[in-house]
Amino acid sequence: MSTTGNSTNLGCFYGVGVGPGDPELLTLKALRILQDVPVICTPRSETSQESYALDIVREYLDEQKQEIIRIPFPIDDEAGAAAVWRNAADTIGGHLTQGKDVAFITEGDPMLYSTFSYVLDSITSGYPEVTVEIIPGVSSVMAAAASAGVPLVTHGQRLVILPAVYGIDDLSEAIANYDTIVLMKVNRTLLQALANLEQLGLAGKGIYVRRASTAREEVVRDLSTLSEEDLDYFSLLIIKR
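In this note's numbering, the protein residues as written are 1 to 241.
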């Protein structure tokens, strides 16, 4: 996505996907932009001072010369999150109206279950003349499939990706209608889903991938060995019928 602004006095707003975790999976275009822009904006959990996206690209940045803006976002408070994104857009907009380019970094791809989309909505509505450019990144879905050595789909097969809010009914419907199901950001519901796989005759057809492409990567093919302590926010489950 790229839109052309009406004023040369405004900075450009970049949405930059930094990949699933391995810094070497950053695209050349993303690297060039991240090293050129004066302002880097990154989301972080309200419970942590660290940013996963920032950790991925930190070695490529010059934090002495570039301004790093960390935006804490509430995980479970939808109304609170909306206010955070509006405030973030105003902070970013302040830099853009000064003619500074701003890059909002996000793990994976900016257009797939990313916090970037919320800020994008606020920027495009509040600052319609700003130029926006989105740099795609390697998603955790593709990285996990590569780590597991499992093609997601071939020929005419169908793929569905479900977010963390899926439930057992959603999973049952997906299994009935798709050849491959990817459950992202798995949580306690996963353990219930495993029992459901047994009931649906899909035992042995799921692969759990944790922190794909990083030094902490783990690929688990025997799902019966998983416990709640093994679950990770940066993980997913691939189920192939």
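Idealized CB from N, CA, C, for every residue including glycine.
- Looking at the unbroken alpha helix (DSSP H) that takes in residue 118, where does it start and where does it end? Here residue 118 refers to the residue found at position 118 of the sequence shown. First-last of the alpha helix (DSSP H) with residue 118: 116-126.
- Task: Return the bridge partner residues of residue 81 from the DSSP annotation.
- Result: In the sequence shown, the residue the question calls residue 81 occupies position 81. Looking at the DSSP assignment, residue 81 forms no beta bridge with any residue, so it has no partner.
- Task: Spatial neighbours of residue 184 within its chain, please: CB distance less than 8 Å, with the 5 preceding and 5 following residues excluded, ordered by chain position.
- Result: Stepping through the sequence shown from its first residue, residue 184 is reached at position 184. Result list for residue 184: 113, 140, 141, 161, 162, 163, 164 and 236, in chain order.
- Message: Just verifying my parser: in three-state terms, what is the DSSP assignment at residue 103?
- Response: Residue numbering aside, residue 103 sits at position 103 when the sequence shown is read from its first letter. Three-state DSSP puts residue 103 in a strand.
- Item | residue 243, enclosing alpha helix (DSSP H) - first and last residue | What the structure shows of the chain is the stretch from 1 to 241, and residue 243 is not part of that stretch, so it cannot be assessed.
- Query: For the alpha helix (DSSP H) that residue 32 lies in, which residues bound it at each end?
  - Reply: As a working mapping, residue 32 is identified with position 32 in the sequence shown. Note, residue 32: alpha helix (DSSP H), 28-36.
- Under the three-state reduction of DSSP, which class applies to residue 93: helix, strand or coil? Numbered from its first residue, the sequence shown carries residue 93 at position 93. Looking at residue 93 - three-state DSSP - the assignment turns out to be helix.
- Message: If we require 3 or more residues per run, which beta strand (DSSP E) segments fall completely within the region 122-194?
- Response: 131-135, 159-162 and 180-184
- Item | Cβ neighbours of residue 59 in the same chain (closer than 8 Å, five flanking residues each side left out) | Counting from 1 along the sequence shown, the entry for residue 59 is found at position 59. Around residue 59: 23.
- Query: Residue range of the beta strand (DSSP E) that residue 209 falls in?
  - Reply: To locate residue 209, count along the sequence shown from 1; it is residue 209. Its beta strand (DSSP E) spans residues 206-210.
- When the distance is taken between beta carbons, is residue 38 closer than 8 Å to residue 51? As a position in the sequence shown, residue 51 is number 51, starting the count at 1. As a position in the sequence shown, residue 38 is number 38, starting the count at 1. Cβ distance not < 8 Å, so residue 51 and residue 38 don't count as in contact.
- Using DSSP with H/G/I as helix, E/B as strand and the rest coil, what is residue 54? For the purposes of this step, residue 54 is identified with residue 54 of the sequence shown, where counting begins at 1. The answer is helix: DSSP assigns residue 54 an H, G or I state.
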